[in-house]
Structures are given as C-alpha cells and as structure tokens.
Amino acid sequence: MTDGILIGEGVLLDARPASFASRSAGALIDVAVTIGGLVLAIWVVTGILVWQSDVAAASQWGRAAVIAIVVLLLVVLPTTVETLTRGRSLGKLATGLRVVRDDGGPVRVRHALVRSLVGVFEIWLTAGSVAVITSLANARGKRLGDLLAGTYAVRVRGARSWEQPLVMSPALATWARSADIRRLPDGLALRARQVLDRAPRLAPASRARLTDELAAQMEAYVAPGPPSGTPAESFLHAVLHERRDRELARGRQEQERAVAQAASLHRLPYGVPDPRN
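What follows is the structure, given as structure tokens:
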C-alpha cells in the first residue's frame, strides 16, 4: 500500500518524493536565509575588528572569525535544526516538505550531518549545479547528500486528526513494554490505525473481520506474541500505542543529544575563563 508513511507523532507523509519545483523553492529560501546570516555576521565581526589598533592581529582574528561563521552557518546550524525538527528547515517548512530516511523514519544527527557536509560542495562550491543535476537524474529527486545519507524529501500532508485515541489495555501493558516490535510496513500501520479510528462506525461483523485480519498480519512483526485470548482490537491498540511511545522517546533522546552536542561546540576548554562571566 502506498497511501503514505505514518510516523510516530501522527503525521502522514506522502510516500511519493517531493517535486523538483517545491524542493528548489525550499532550497532557495534556505540559501537566502543563510546568505543573509553570513552577511550580517561578517558585518558585525568587521565592525568589531575595525576598532582594533593591531592591524596584523585584527586580520588574523578576522580570518578565524570568518571560517568559524561559515562552519557554523553552513554545517553546524543546518545539522542542528534538521535534527531537532526531524527533517525540517525554514525553507522546507514554507514549502511543506520534510526530509526522511529511505525507510520513512525520521532523520538523525548522522543523516543531517552528511547532508550538510556534502551540501557545502554540491550547493555552495558549485552554485547548486551538482545538486540540480543529481536531483534530476534520480527517480526520488535525491541530491548527492541524500544519496550518501540515505534520505529523500517528501511532502507533508499535515497532521492527521484521529477521532479515536490509541488505548493501551492494562492487561497488555507489561507485555507490550517487553515485546520486540519490528518496524511495521507503513501500509500495515496506516491501515490498522484507520480501521481502529473507524471501528465504532463499522458493523460488528466487518469490525471483527478487519481487526482479525490486521492482527494476524501484525503478529509476524511482534515477538513474543500477545497473551492467549487477547482480542484482536486490543492487540492492535497495544502495538500501535507502544510503537508511537517508542518513536517519541527516541525522538526526545535524539533532540537532547543534539542540544548537548551543540552546547559542547560553544563550551570553552577547561581552565579557560569565560569573558562573559
């Protein structure tokens, strides 16, 4: 089933790659914002250094500051933003796009870092020509950074508002926490969520048949199986509930790790006094 990719926070992603036009528009917005940041930062640094009496020292500090600004705005900042927002940026937010892994999962630090590092070459050093050529030659519209990181851009349809919440049966909570839940096929997870959402409006016979079929398919991805006698509908609720909680927990851990890494980049070495204190 190719209806979409259902990620943990309930956002439905289009399974098809984003169009070249939307990717280009998003990239242009990001490039414009980055150039504006570069110009502003260099202007501030220049204004500070122009008051230095030692011209040689000011020149050295100026070169170091420019390098630091470029690394910060072209690599560190995009990596941090893309990791914390799970594949978004200002340009992607404006055009309704998100970068995901090839398997539909959210990007992590290493994916965002590879995209940013390669982007310095294919977007900035070649004026975007390598990115355009690679994207047009790839079926999913991947640029070189996507090919190396194992990612691609998709359009976000928007948050799906479900009428029926996922409910974990108290009798299944302990089993669900210890169960090994493999990555569910996106179509299966989406169908199960849709059936559970429409269950109160289905005829009893259709409701039982659909939930039994989906539970039988889903059991192949869960070990050990649920306790004997577990109703199919309760099993589906438990698996999707636990799957969502685990993905959200992983997302929070990734965000905390990214924040800690970003903070470490600005932390002074031990023993060096902070002039701001």
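Going by full-length UniProt numbering, the letters in the sequence shown line up with residues 1 to 277, in that order.
Even glycine gets a Cβ: it sits at the ideal position worked out from N, Cα and C.
When C-alpha distances from residue 86 are compared across 194, 151, 232, 18, the shortest belongs to 151.
Assignment of alpha helix (DSSP H) within the segment 146 to 210, counting only whole runs of 4 or more residues, yields 170 to 178, 186 to 198 in chain order. Between residue 222 and residue 170, the alpha-carbon positions lie close to 18 Å from each other. Cβ neighbours of residue 26 within its own chain (closer than 6 Å, five residues either side excluded): 91, 92, 95, 97. For residue 97, the enclosing beta strand (DSSP E) covers residues 97 to 101. In this structure, residue 214 places its C-beta atom within 8 Å of the C-beta atom of residue 192. DSSP, reduced to helix, strand and coil, places residue 50 outside both helices and strands of the structure shown, so it counts as coil.
Inclusion of residue 125 and residue 255 in the CB contact set at 8 Å is not warranted, their separation being larger than that value. Per DSSP, residue 130 is one residue of the alpha helix (DSSP H) stretching across 129 to 137. Between the beta-carbon of residue 38 and that of residue 77 there is about 11 Å, and that puts the pair past the 8 Å contact cut. Here DSSP, grouped into helix, strand and coil, assigns residue 223 to strand. Pairing residue 60 with residue 35, the inter-Cα distance amounts to about 23 Å. In the DSSP assignment, residue 82 falls within the unbroken alpha helix (DSSP H) covering 77 to 84. By the Cβ rule, the segment 230 to 238 counts as touching the segment 194 to 203, because three or more pairs are nearer than 8 Å. Taking C-alpha positions only, residue 176 is separated from residue 20 by approximately 42 Å. Residue 248 is not a Cβ neighbour of residue 218, given a cutoff of 8 Å. Taking a contact as a CB-CB distance under 8 Å, the pair residue 134 and residue 140 does not count as one, their CB atoms being some 11 Å apart. By the criterion of a C-beta distance shorter than 8 Å, residue 89 is surrounded in its chain by 26, 30, 78, 81, 82, once the five residues flanking it on both sides are discounted. The criterion of a C-beta distance shorter than 8 Å is not satisfied by residue 112 and residue 17.
Using a 10 angstroms sphere on the CB of residue 116, the tally of other CB atoms reaches 16 or more, which defines it as buried. Secondary structure note for residue 115: its alpha helix (DSSP H) is the uninterrupted segment 109 to 119. Sequence-distant Cβ neighbours of residue 75 in its own chain, meaning closer than 8 Å and more than five residues away, are 113, 116, 117, 120. For residue 231, DSSP assigns no beta-bridge partner whatsoever. Inter-residue distance for residue 258 and residue 106 is about 14 Å (C-alpha atoms, whole angstroms).
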